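What follows is one structure encoded as structure tokens, with my remarks underneath.
2 protein chains.
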Amino acid sequence: METVFDILAEPHRRAILQLLTTSERSVGQLEQELQLPQPTVSKHLRVLREAGFVESTVDAQRRLYRLRAEPLRELDVWLAPFREFWSAHVDALEQHLDRWEEGEPHV
Amino acid sequence: METVFDILAEPHRRAILQLLTTSERSVGQLEQELQLPQPTVSKHLRVLREAGFVESTVDAQRRLYRLRAEPLRELDVWLAPFREFWSAHVDALEQHLDRWEEGEPHV
DNA sequence: CATGTATGTACGCATAGATGTATATAACAT
DNA sequence: ATGTTATATACATCTATGCGTACATACATG
Numbered sequence: 001m002e003t004v005f006d007i008l009a010e011p012h013r014r015a016i017l018q019l020l021t022t023s024e025r026s027v028g029q030l031e032q033e034l035q036l037p038q039p040t041v042s043k044h045l046r047v048l049r050e051a052g053f054v055e056s057t058v059d060a061q062r063r064l065y066r067l068r069a070e071p072l073r074e075l076d077v078w079l080a081p082f083r084e085f086w087s088a089h090v091d092a093l094e095q096h097l098d099r100w101e102e103g104e105p106h107v
Numbered sequence: 108m109e110t111v112f113d114i115l116a117e118p119h120r121r122a123i124l125q126l127l128t129t130s131e132r133s134v135g136q137l138e139q140e141l142q143l144p145q146p147t148v149s150k151h152l153r154v155l156r157e158a159g160f161v162e163s164t165v166d167a168q169r170r171l172y173r174l175r176a177e178p179l180r181e182l183d184v185w186l187a188p189f190r191e192f193w194s195a196h197v198d199a200l201e202q203h204l205d206r207w208e209e210g211e212p213h214v
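Note that the protein sequences, when read in sequence, are chains B and L.
Using our numbering, read the first sequence as starting at 1 and increasing by one per residue.
Using our numbering, read the second sequence as starting at 108 and increasing by one per residue.
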């Protein structure tokens, strides 16, 4: 089973996803904007589609691809415990700086 | 250059990071908790260390590894534009449900 | 129907990286 | 000093996967 992380490890796939944040695009448009050979784009799109990152609709010979939220939300969930961890660290740093600004340089 | 995504693509490395959210640990502890051979743990720790995910201090023959915030924060930043994207979608869904609850099933 | 455009897929290759085994380094204990 | 514990590293191997090339499919238009 391909994890969210496996999918995102590929730079071109991340580039595709980032482009799709602004608007949906055809395969040809992605091909041009990313300067990639068409089969490469199609193969990455297949991976992204099967993992639920994107969905497509048919427009004559074209397929229009757009973003789906789910898998990235999954990543967000995975990140949650770490966010708690590092926000604790930010707090510690901020407290330190606050105290420093109040005139206690030797904490 | 190893990206954050390359590092996180490996399941054992993610497991290590998750363990370290609660407290710092020695290599031997990780070895036991993850049921992995020691060289495997050491090699993953090296990758994580060189990418800034963890840092270690020496305690006699042991090395104690603990989490660092930076790289995961980087991931959080990468995720930001997508969060905007999908929160828009959540809003759309919520509006729909709100209207439905107010007695307009045919939206 | 023939040709062109848009996209998907099959196959072979090359490379990266994860693992196991063995060994090296370093700190302790007796 | 010698052995023991804890961790790091070197080397060979195996597998997964990204890519290029070629081809297939599908729709459109003259």
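Even for Gly, the Cβ is constructed at its ideal location relative to N, Cα and C.
Only a predicted model underlies this, so the values are computations on that prediction, with no experimental measurement involved.
- Inclusion of residue 186 of chain L and residue 127 of chain L in the CB contact set at 7 angstroms is not warranted, their separation being larger than that value.
- Taking 8 angstroms as the upper bound for CB-CB distance, residue 170 of chain L and residue 134 of chain L are in contact here, some 6 angstroms apart.
- The beta-carbon of residue 119 of chain L is placed no less than 7 angstroms from the nearest beta-carbon of chain B.
- Considering only L:160, L:124, L:164, L:146, the residue with the shortest C-alpha distance to residue 109 of chain L is L:160.
- Bridge pairing for residue 162 of chain L: L:173 [DSSP].
- The residue from L:178, L:143, L:194, L:140 with its alpha-carbon nearest to that of residue 69 of chain B is L:194.
- Residues of chain L with a Cβ closer than 7 angstroms to the Cβ of residue 73 of chain B are, in chain order, 193.
- According to DSSP, residue 26 of chain B shares a beta bridge with B:64.
- Apart from the 5 residues on each side of it in sequence, residue 57 of chain B sits with its Cβ closer than 6 angstroms to the Cβ of 64 in its chain, given in chain order.
- In chain order, 81, 82, 85 make up the part of chain B whose C-beta sits under 7 angstroms from the C-beta of residue 128 of chain L.
- What residue 89 of chain B touches in chain L, judged by beta-carbon distance under 8 angstroms, is 176, going in chain order.
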